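*Asks:* Let me begin by handing over the structure; questions about it come next.
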Amino acid sequence: DTAVSQTPKYLVTQMGNDKSIKCEQNLGHDTMYWYKQDSKKFLKIMFSYNNKELIINETVPNRFSPKSPDKAHLNLHINSLELGDSAVYFCASSRRGNTIYFGEGSWLTVV
Amino acid sequence: AQTVTQSQPEMSVQEAETVTLSCTYDTSENNYYLFWYKQPPSRQMILVIRQEAYKQQNATENRFSVNFQKAAKSFSLKISDSQLGDTAMYFCAFIPIIHQGGSEKLVFGKGTKLTVNP
Chain A
2 DTAVSQTPKY LVTQMGNDKS IKCEQNLGHD TMYWYKQDSK KFLKIMFSYN
52 NKELIINETV PNRFSPKSPD KAHLNLHINS LELGDSAVYF CASSRRGNTI
102 YFGEGSWLTV V
Chain B
2 AQTVTQSQPE MSVQEAETVT LSCTYDTSEN NYYLFWYKQP PSRQMILVIR
52 QEAYKQQNAT ENRFSVNFQK AAKSFSLKIS DSQLGDTAMY FCAFIPIIHQ
102 GGSEKLVFGK GTKLTVNP
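The listed protein sequences derive, respectively, from chains A and B.
The numbering of the first sequence is my numbering, which starts it at 2 and goes up by one.
The numbering of the second sequence is my numbering, which starts it at 2 and goes up by one.
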């Protein structure tokens, strides 16, 4: 049973398109996150949600819009994709700042 | 601002030998957690070991152990009896303990690429 699962794992799309990445966790955690890993493998937080409420929005372009329909799901929608959006996007979850568990990552390539 | 520094971009070790990866961090917080995550070529982020700052005893998980020096803000990872499957990027990470859920940011170092040679 996968604890944090995200789909799709791989996504290749053209500039200007809109795409979504879905994330679900079955750990009963109340906090979920999106992290971005760039081409230099540097990991940085984008958003966090606690009980469906946005807590952290880390200076991310507003083309990126997270949506949390319930505390087990946090989806990421990206409008008007740009070449610089190519990265690996990780969903993660935790219980109140305890250990953060990551999904397997979604490799986004914008061409 | 909280920062995590991994001063070794790349390291290599022979199979069955021991290797130590270094990590230092900067924070004014007193309560926090420290982690080492492993990222193999598949890019999955795998938790290796965790240390609570209020615990003086160094964490150990099988072949993995840490040397946590709170005053020096140092958190190194020792891998004993290195195996080929240990080949991966290793990230040191820090998170302060904040009691508002969701406010915690996991801050990562830039990673150390470890290669275990046969």
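Don't be surprised by glycine CBs; every beta carbon is placed ideally from N, CA and C.
These figures come from a predicted structure and were not determined experimentally.
(1) According to the Cβ coordinates, are I56 (chain A) and S49 (chain A) closer than 8 Å?
(2) Relative to chain B, which residues along the stretch 70–83 of chain A have a C-beta separation below 8 Å, given in chain order?
(3) Considering only residues of the stretch 27–84 of chain B, which uninterrupted beta strand (DSSP E) runs meet the minimum length of 3 residues and lie entirely inside it, listed in chain order?
(4) Would you please verify whether the beta carbon of F91 (chain A) is less than 8 Å from any beta carbon of chain B?
(5) Okay, do the stretch 13–29 of chain A and the stretch 82–99 of chain A touch, 3+ Cβ pairs below 8 Å being the bar?
(6) In chain A, which residues lie less than 9 Å from L107 (chain B) when you measure between Cβ atoms?
(7) Taking only the alpha-carbon atoms, compute the straight-line gap between S95 (chain A) and M33 (chain A) and give it to the nearest angstrom.
(8) Express the C-alpha separation of E62 (chain B) and G86 (chain B) in angstroms, rounding to a whole number.
(9) Okay, do the stretch 75–90 of chain B and the stretch 30–43 of chain B touch, 3+ Cβ pairs below 8 Å being the bar?
(10) Looking at chain A, is there any beta carbon in it that lies within less than 8 Å of the beta carbon of M46 (chain B)?
(11) Give the straight-line distance between the Cα atoms of C24 (chain A) and D82 (chain B), rounded to the nearest whole angstrom.
(12) Going by Cα to Cα distance, which pick from A:K53, A:D31, A:K42, A:H30 is closest to F91 (chain A)?
(13) From what residue to what residue does the beta strand (DSSP E) around I79 (chain A) run?
(14) Give the residues from the stretch 76–92 of chain B that approach chain A closer than 9 Å (Cβ to any Cβ), ordered along the chain.
(15) Return yes when the Cβ of V108 (chain B) is within less than 8 Å of the Cβ of Q1 (chain B), no when it is not.
(16) Consider the Cβ of K56 (chain B): report whether some Cβ of chain A lies at a distance smaller than 8 Å.
(17) Please determine, among A:N51, A:P62, A:L12, A:I101, the residue with the shortest C-alpha to C-alpha distance to A4 (chain A).
(18) Let's test the definition: count the other Cβ atoms within 10 Å of the Cβ of Y91 (chain B) and tell me whether it reaches 16, buried, or not, exposed.
(19) For the beta strand (DSSP E) holding V117 (chain B), just list the boundary residues, first then last.
(20) Quick one: what does DSSP say L22 (chain B) is sitting in, helix, strand or coil?
(21) Locate the beta strand (DSSP E) running through P67 (chain A), then write down its first and last residues.
(22) Grab the span of the beta strand (DSSP E) containing Q38 (chain A) for me, first residue to last.
(23) When the cut-off is 8 Å and only beta carbons count, does K74 (chain B) lie next to chain A?
*Replies:* Result, derived from the coordinates:
(1) Working through the first sequence from its first residue, we reach residue 56 (chain A) at position 55. Working through the first sequence from its first residue, we reach residue 49 (chain A) at position 48. Their beta carbons are under 8 Å apart, which means I56 (chain A) touches S49 (chain A) by this criterion.
(2) Hits within the stretch: zero.
(3) 33–40, 47–53, 65–70, 75–80, all fully within the stretch 27–84 of chain B.
(4) Locating residue 91 (chain A) in the first sequence gives position 90, counting from the first residue. Yes - at least one Cβ of chain B is within 8 Å of the one on F91 (chain A).
(5) Between the stretch 13–29 of chain A and the stretch 82–99 of chain A there are three or more inter-stretch CB-CB distances shorter than 8 Å, so the stretches are counted as touching.
(6) Walking along the second sequence from the start, residue 107 (chain B) turns up at place 106. Within chain A, the C-beta atoms nearer than 9 Å to that of L107 (chain B) come from Y34, Y36, L44, I46, A93, S95, I101, in chain order.
(7) For the purposes of this step, residue 95 (chain A) is identified with residue 94 of the first sequence, where counting begins at 1. For the purposes of this step, residue 33 (chain A) is identified with residue 32 of the first sequence, where counting begins at 1. Cα to Cα, the separation comes out at about 7 Å.
(8) Numbered from its first residue, the second sequence carries residue 86 (chain B) at position 85. Numbered from its first residue, the second sequence carries residue 62 (chain B) at position 61. Taking the straight line from one Cα to the other gives about 16 Å.
(9) Yes, the stretch 75–90 of chain B is in contact with the stretch 30–43 of chain B.
(10) On the second sequence, position 45 is the one that residue 46 (chain B) refers to. Yes, M46 (chain B) counts as interfacial toward chain A.
(11) If you number the first sequence from 1, residue 24 (chain A) lands on position 23. If you number the second sequence from 1, residue 82 (chain B) lands on position 81. When rounded, the distance between both Cα atoms is 36 Å.
(12) Stepping through the first sequence from its first residue, residue 91 (chain A) is reached at position 90. Nearest C-alpha to F91 (chain A) among A:K53, A:D31, A:K42, A:H30: A:K42.
(13) Here residue 79 (chain A) refers to the residue found at position 78 of the first sequence. DSSP places I79 (chain A) inside the beta strand (DSSP E), whose first and last residues are 74–79.
(14) So the list reads M90, F92, given in the order they occur along the chain.
(15) As shown, chain B starts at 2 and ends at 119. That puts residue 1 (chain B) outside it, with no answer to give.
(16) Your numbering for residue 56 (chain B) matches position 55 in the second sequence. Not closer than 8 Å to any Cβ of chain A, the Cβ of K56 (chain B) fails to qualify, so no.
(17) As a first step, residue 4 (chain A) must be located in the first sequence, where it is residue number 3. Looking at the Cα atoms, A:I101 is the closest of the given residues.
(18) For the purposes of this step, residue 91 (chain B) is taken as residue 90 along the second sequence, with counting starting at 1. It counts as buried.
(19) The residue you call residue 117 (chain B) lines up with position 116 of the second sequence. Where V117 (chain B) is concerned, the enclosing beta strand (DSSP E) stretches over 113–118.
(20) As a position in the second sequence, residue 22 (chain B) is number 21, starting the count at 1. For L22 (chain B), the three-state secondary structure derived from DSSP is strand.
(21) Residue 67 (chain A) sits at position 66 when you count from the first residue of the first sequence. Unbroken beta strand (DSSP E) run through P67 (chain A): 65–71.
(22) Here residue 38 (chain A) refers to the residue found at position 37 of the first sequence. 32–38 is the span of the beta strand (DSSP E), which, as asked, contains Q38 (chain A).
(23) Within the second sequence, residue 74 (chain B) is the residue found at index 73, counting from 1. Answer no: the Cβ-Cβ gap between K74 (chain B) and chain A never drops below 8 Å.
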